[in-house]
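Notes follow the structure.
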Amino acid sequence: MSDSEPLLGWLQSWYARQCDGDWEHEWGVRIATLDNPGWTVEIDLEETDLEEREYPRQDVNRSTQDWVRTWTAEKTFHAACGPRNLTEALTLFRTWATATAP
């Protein structure tokens with residue numbers, strides 16, 4: 001996949017590739033809002049090619065409204081971010097997901 005592909009289209013394709021008649025009944029992608037304000041993202045990695053890959057925690061704090069935190073735990077990619085950082089958080093997931101595993 002190319003980084004030039006629109007981010008939302010890429011995420012939809014990634015999700016569709018995981019759906020095998022079983023995976024989507026237990027796992028998925030969740031995007032929700034925070035009240036501070038901001039976003040949370042949880043992307044299940046269980047039973048995907050990414051389930052054993054580590055993603056070291058990253059914390060980017062530019063201001064109270066401009067921040068991103070990303071990490072993996074318990075076979076889930078997590079992101080929390082400011083109200084205008086959702087694209088940045090999802091881009092971090094795409095970059096990690098499409099990188100060649102070490």
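Going by UniProt numbering, the sequence shown opens with residue 1, and the numbers climb by one from there. Backbone N, C-alpha and C define an ideal beta-carbon position, used for all residues, glycine too. A quick note: this is a predicted structure, and the numbers were derived from the prediction, not measured.
Using alpha carbons as the reference points, say which of 24, 19, 43 lies closest to residue 30. Residue 43 is the option with its Cα nearest to residue 30.
Considering just the uninterrupted stretch of the beta strand (DSSP E) at residue 80, what are its terminal residues? Counting along the chain, the beta strand (DSSP E) containing residue 80 begins and ends at 76 to 81.
Excluding five sequence neighbours on each side, which residues of the same chain lie with their C-beta closer than 6 angstroms to the C-beta of residue 46? Sequence-distant partners of residue 46 (beyond 5 residues in either direction) whose C-beta falls short of 6 angstroms from its own C-beta, in its chain, are 27, 75.
Can we say the segment 81 to 95 touches the segment 59 to 70, given the rule of at least three CB pairs closer than 8 angstroms? At 8 angstroms Cβ cutoff, the stretches touch.
So the alpha helix (DSSP H) residue 12 belongs to, where does it begin and stop? Judged by DSSP secondary structure, residue 12 falls within the alpha helix (DSSP H) whose first and last residues are 7 to 18.
Just to check my reading of the structure: residue 80 and residue 34 have Cβ atoms closer than 8 angstroms, yes? What is that Cβ distance to the nearest angstrom? By a beta-carbon distance limit of 8 angstroms, residue 80 contacts residue 34. Their separation comes to about 7 angstroms.
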